[in-house]
Amino acid sequence: MAGVAYYTIAGRQLAMGVLGSLFGGIYYAASGPSKPVAAANTPPLNASSSDEADFIKKFLEEQDSGKKH
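Dropping the structure here:
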């Protein structure tokens, strides 16, 4: 057994590479996604004028405040 370290776990001899791969895989799987995906709250406004854009924003704000119970 020259050069490779073995450990006896559950009656089996496992090399350090096997144990490192096992625990590394568990850590990687349990870490989850790197960044949460941010959902867009509202779609972009395609208004033809600033008055129309203001009207749409005001309407959406009124609808959002009316949804709260």
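Residue 69 in full-length UniProt numbering sits at position 69 of the sequence shown, with consecutive numbering throughout.
Beta carbons: idealized from backbone N, C-alpha and C, even for Gly.
None of these values were measured; they are calculated from a predicted model.
C-beta atoms of residue i and residue j nearer than 8 Å
| i | j | result |
| --- | --- | --- |
| TYR6 | ALA15 | yes |
| LEU60 | ALA53 | no |
Residue i - DSSP class collapsed to helix/strand/coil
| i | result |
| --- | --- |
| LEU14 | strand |
| SER34 | coil |
According to DSSP, residues forming a beta bridge with residue i
| i | result |
| --- | --- |
| ILE9 | ARG12 |
Close-in-space but distant-in-sequence residues of the same chain around residue i (CB under 6 Å, 5 per side omitted)
| i | result |
| --- | --- |
| VAL4 | ALA15 |
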